[in-house]
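Just remember that the working numbering sits 1099 ahead of the position in the sequence shown, which is counted from 1.
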Amino acid sequence: MGLAFRHAVREASLAGLIEAQRLSGAACDSCTITIHMSDILITELEAAINFWRNRSPSSGDELALCQEASALSKPYALLIVQRQNTISPERLDPIARAAWESYVSIKNSLQS
(Lines of atoms letter the chains of each structure in order from A and count residues from 1; the text may use other names and numbers.)
(Lines give C-alpha, C1' and ligand atoms only; values in the text may rest on other atoms or scores of the structure.)
Protein backbone atom coordinates (compact mmCIF):
# COMPACT_ATOMS: atom_id res chain seq x y z
CA MET A 1 0.00 0.00 0.00
CA GLY A 2 1.20 3.47 -0.81
CA LEU A 3 2.10 6.54 1.15
CA ALA A 4 -1.38 7.99 0.61
CA PHE A 5 -2.85 4.98 2.40
CA ARG A 6 -0.48 5.31 5.36
CA HIS A 7 -1.26 9.01 5.66
CA ALA A 8 -4.98 8.32 5.32
CA VAL A 9 -4.95 5.79 8.12
CA ARG A 10 -2.91 8.10 10.33
CA GLU A 11 -5.19 11.05 9.63
CA ALA A 12 -8.46 9.15 10.12
CA SER A 13 -10.15 10.16 13.34
CA LEU A 14 -10.97 7.59 16.00
CA ALA A 15 -14.62 8.56 15.80
CA GLY A 16 -14.60 7.96 12.05
CA LEU A 17 -13.10 4.52 12.46
CA ILE A 18 -15.67 3.59 15.10
CA GLU A 19 -18.43 4.72 12.74
CA ALA A 20 -16.86 2.75 9.89
CA GLN A 21 -16.78 -0.40 11.99
CA ARG A 22 -20.42 0.11 12.95
CA LEU A 23 -21.44 0.64 9.34
CA SER A 24 -19.38 -2.24 7.99
CA GLY A 25 -21.23 -4.63 10.30
CA ALA A 26 -24.45 -3.77 8.47
CA ALA A 27 -23.08 -4.69 5.06
CA CYS A 28 -22.70 -8.18 3.68
CA ASP A 29 -20.18 -9.56 1.19
CA SER A 30 -22.93 -10.71 -1.17
CA CYS A 31 -24.73 -7.34 -1.29
CA THR A 32 -25.08 -5.65 -4.67
CA ILE A 33 -23.38 -2.29 -4.92
CA THR A 34 -24.90 0.32 -7.19
CA ILE A 35 -22.50 2.98 -8.44
CA HIS A 36 -24.13 6.29 -9.26
CA MET A 37 -22.57 8.61 -11.80
CA SER A 38 -21.78 11.14 -9.09
CA ASP A 39 -20.07 8.61 -6.79
CA ILE A 40 -16.35 9.04 -6.26
CA LEU A 41 -14.25 5.93 -6.87
CA ILE A 42 -11.58 5.14 -4.29
CA THR A 43 -8.94 5.38 -7.02
CA GLU A 44 -10.15 8.88 -7.91
CA LEU A 45 -10.04 9.87 -4.25
CA GLU A 46 -6.47 8.57 -4.02
CA ALA A 47 -5.55 10.54 -7.16
CA ALA A 48 -6.99 13.69 -5.57
CA ILE A 49 -5.00 13.10 -2.38
CA ASN A 50 -1.81 12.64 -4.42
CA PHE A 51 -2.60 15.76 -6.46
CA TRP A 52 -2.85 17.85 -3.29
CA ARG A 53 0.25 16.18 -1.81
CA ASN A 54 2.23 17.06 -4.94
CA ARG A 55 0.88 20.59 -4.96
CA SER A 56 1.51 21.17 -1.23
CA PRO A 57 4.05 18.63 0.06
CA SER A 58 3.95 17.42 3.66
CA SER A 59 5.55 19.82 6.08
CA GLY A 60 7.01 20.01 9.56
CA ASP A 61 8.78 17.37 11.61
CA GLU A 62 5.63 15.25 11.67
CA LEU A 63 5.20 15.56 7.87
CA ALA A 64 1.61 16.75 8.23
CA LEU A 65 -0.53 16.69 5.11
CA CYS A 66 -1.91 19.90 3.67
CA GLN A 67 -5.51 20.71 4.62
CA GLU A 68 -6.97 19.37 1.36
CA ALA A 69 -5.09 16.05 1.40
CA SER A 70 -5.83 15.59 5.08
CA ALA A 71 -9.55 16.20 4.58
CA LEU A 72 -9.71 13.72 1.68
CA SER A 73 -7.64 11.10 3.52
CA LYS A 74 -10.38 10.58 6.11
CA PRO A 75 -13.09 9.36 3.69
CA TYR A 76 -10.36 7.41 1.84
CA ALA A 77 -9.47 5.55 5.04
CA LEU A 78 -13.15 4.94 5.79
CA LEU A 79 -13.64 3.38 2.35
CA ILE A 80 -10.75 1.03 3.04
CA VAL A 81 -12.03 0.07 6.49
CA GLN A 82 -15.56 -0.41 5.13
CA ARG A 83 -14.24 -2.35 2.11
CA GLN A 84 -16.16 -0.01 -0.18
CA ASN A 85 -15.10 1.26 -3.62
CA THR A 86 -17.14 4.45 -3.84
CA ILE A 87 -18.42 7.33 -1.76
CA SER A 88 -21.09 9.87 -2.52
CA PRO A 89 -19.86 13.50 -2.56
CA GLU A 90 -22.70 14.30 -0.18
CA ARG A 91 -20.99 12.18 2.49
CA LEU A 92 -17.87 14.37 2.42
CA ASP A 93 -17.47 17.01 5.10
CA PRO A 94 -17.35 20.63 3.83
CA ILE A 95 -13.55 20.83 3.71
CA ALA A 96 -13.19 17.49 1.91
CA ARG A 97 -15.97 18.40 -0.50
CA ALA A 98 -14.31 21.73 -1.33
CA ALA A 99 -10.97 19.94 -1.85
CA TRP A 100 -12.65 17.37 -4.12
CA GLU A 101 -14.51 19.99 -6.16
CA SER A 102 -11.35 22.10 -6.54
CA TYR A 103 -9.41 19.02 -7.68
CA VAL A 104 -12.07 18.14 -10.27
CA SER A 105 -12.21 21.73 -11.49
CA ILE A 106 -8.42 21.96 -11.87
CA LYS A 107 -8.22 18.52 -13.49
CA ASN A 108 -10.96 19.43 -15.98
CA SER A 109 -9.32 22.76 -16.85
CA LEU A 110 -5.99 21.02 -17.50
CA GLN A 111 -7.66 18.51 -19.84
CA SER A 112 -9.42 21.19 -21.89
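Just so you know, even glycine gets a beta-carbon here, dropped at the ideal spot from N, CA and C. Given the structure is predicted, the values throughout are model-derived calculations rather than measurements.
Spatial neighbours of residue i in its chain, beta-carbon cut-off 7 angstroms, leaving aside the 5 residues before and after
i     : result
I1225 : With the chain represented from 1100 up to 1211, any question about residue 1225 goes unanswered, as that position is not in the structure.
L1191 : P1174, W1199
Sequence-distant residues of the same chain with beta carbon closer than 8 angstroms to residue i, five excluded per side
i     : result
S1123 : No answer about S1123 holds up, because its pLDDT of 44 lies below 50 and its placement is not dependable.
A1163 : S1157, S1169
F1150 : Y1202, I1205, K1206
In DSSP terms, what residue i is bridged to
i     : result
S1158 : A1163
I1139 : I1186
Where the alpha helix (DSSP H) through residue i begins and ends
i     : result
N1207 : 1193-1210
Beta-carbon contacts of residue i that lie in its chain and below 6 angstroms, excluding the five residues immediately before and after
i     : result
S1155 : C1165
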